[in-house]
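Worksheet: the structure to be examined is printed underneath.
Chains as they are written, first to last, in my numbering: chain V, 1 to 184; chain Y, 1 to 119.
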C-alpha cells in the first residue's frame with residue numbers, strides 16, 4: 001500500500017481523536033523519506049498505545065485504529081524506523097523513516113491532503129513536504145488556516161474549493177519536484 | 001491554481017450558492033474513511049464524488065463529507081446518501097465509476113441506483 005494511504009489513515013485517527021491541529025511533515029532526500037504526523041488530540045495512555053500497535057485491536061467500531069500497526073509494519077518490512085509518542089490530553093506524534101529503495105512509493109500525497117478537507121470539520125491541517133537533494137532544497141505545502149482565511153464563509157469542503165486546493169498542491173509539485181515528478 | 005488568492009474567486013462564485021444549501025432539500029453524501037475504506041479505495045471514491053458534484057453544478061444542494069466509522073473489509077468503500085426528508089441509502093463496495101452514477105442519478109436526479117444498494 002502506498003505510503004500516502006498510511007498517512008491518510010493516521011491523519012483520520014488524529015481527526016477522530018478530537019485534534020484541532022494536525023501537522024503532516026515529510027522530509028525527503030534522494031535516499032529516504034521521513035514522515036511525521038503530529039496531532040493535539042486526546043492522546044493515549046501507555047496501555048492504550050500498546051493496544052493500538054497490536055494488529056487486530058481497535059478501540060473503535062469497524063476497525064478504526066488498525067492503521068497504526070500497518071504503518072509500523074510497512075516501516076519494519078522496508079528496513080525503516082518507526083516511533084510513536086502519546087500523552088493523554090496532549091496529543092500523539094507518529095514518526096517514521098523509510099529507505100526509498102525498499103519502501104512502497106509515497107503515491108498520491110496530494111490526494112491524501114485534499115481528501116482530509118472533507119473530514120476535518122473545524123480542525124486544521126498543516127502539510128509540508130521538504131525535498132532536499134544536495135544543495136537543492138524545496139518545499140511543497142498547504143495550511144488550511146490560510147485556505148479558510150481566503151474562503152471566508154464558504155466551507156473548506158465545498159467541492160469547488162477542494163478541487164482548487166488539489167490543483168494548488170499539484171502545481172507546487174510541478175514547480176518544485178526535484179525528484180522527477182514521482183510524487184505526482 | 002498558482003496561489004491561494006485564486007480561492008477568492010471561488011468564494012465570490014460560491015457564497016450565494018452556499019446560503020441556498022443551508023436551506024431545505026440538501027443532500028449529504030458521506031464516505032467511510034476508516035482503515036478498511038482507505039485500503040479499498042475510499043480516497044479515490046471521495047475525490048470522484050467531489051469532482052462529480054462540482055461538474056454537475058450541485059454544490060448548492062449537495063455536500064460530500066467523510067466519516068470515520070463506516071464499512072468493514074467486506075463492504076468498503078461505503079457511501080451513504082442522506083437526502084433531506086428521505087431514508088438514508090447505503091452503497092457498498094463503491095468504485096469511482098459507481099460514484100459517478102450515484103451522483104448523476106441519486107444526488108442530481110433524486111432516484112437511488114437500485115442495483116448498487118446493499119440489501
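A virtual CB, placed ideally from N, CA and C, is assigned to each residue, including glycine.
Check, Outcome
"Close beta carbons around residue 263 (chain V), own chain, < 7 Å, minus the five adjacent residues each side", "With chain V covering only 1 through 184, there is no way to say anything about residue 263 (chain V)."
"Selected residue, minimal CA-CA separation from residue 31 (chain Y), among Y:16, Y:47, Y:17", "Y:47"
"Distance between residue 89 (chain Y) and residue 77 (chain Y) (C-alpha atoms, nearest Å)", "14 Å"
"Closer than 8 Å to chain V by CB, residue 2 (chain Y)", "yes"
"Of the residues V:19, V:72, V:51, V:8, the one placed nearest residue 91 (chain V), counting alpha carbons only", "V:19"
"Simplified DSSP assignment, three categories, for residue 156 (chain V)", "coil"
"Nearest-angstrom beta carbon gap, residue 154 (chain V) and residue 14 (chain Y) [assumed within contact, 8 Å]", "5 Å"
"Spatial distance of residue 28 (chain V) from residue 100 (chain V) (CA atoms)", "9 Å"
"Under 7 Å by beta carbon: chain V residues contacting residue 53 (chain Y)", "159"
"Inter-stretch contact (C-beta, 8 Å, three-pair minimum) for the region 153-169 of chain V and the region 43-58 of chain Y", "yes"
"Residue 165 (chain V) CB to nearest heavy atom of the ligand NAD below 7 Å", "The ligand NAD is absent from the structure shown, which contains no ligand whatsoever."
"Buried or exposed (CB count within 10 angstroms, at least 16 for buried), residue 9 (chain V)", "buried"
"Buried or exposed (CB count within 10 angstroms, at least 16 for buried), residue 23 (chain Y)", "Summary for residue 23 (chain Y): the model assigns pLDDT 49, below 50, so the residue's position carries little reliability; its value from the coordinates is reported in the next sentence. Label assigned to residue 23 (chain Y): exposed."
"Contacts that residue 84 (chain Y) makes with chain V (C-beta to C-beta distance below 7 Å)", "Under the 7 Å cutoff, chain V gives no residues; its nearest Cβ is about 17 Å from residue 84 (chain Y)."
"Bridge partner(s) assigned by DSSP for residue 99 (chain V)", "V:32"
"Alpha-carbon spacing of residue 38 (chain V) relative to residue 114 (chain Y), whole angstroms", "42 Å"
"Validate contact between the region 102-118 of chain V and the region 36-45 of chain Y using beta carbons, cut 8 Å, 3 pairs", "yes"
"Residue of V:107, V:86, V:156, V:167 minimising C-alpha distance to residue 6 (chain V)", "V:107"
"Same chain only: Cβ atoms within 7 Å of residue 32 (chain V), ignoring 5 sequence neighbours per side", "97, 98, 99, 100"
"Contact under 8 Å by Cβ, residue 65 (chain Y) with residue 41 (chain V)", "no"
"C-beta neighbour in chain V for residue 26 (chain Y), strict 8 Å", "no"
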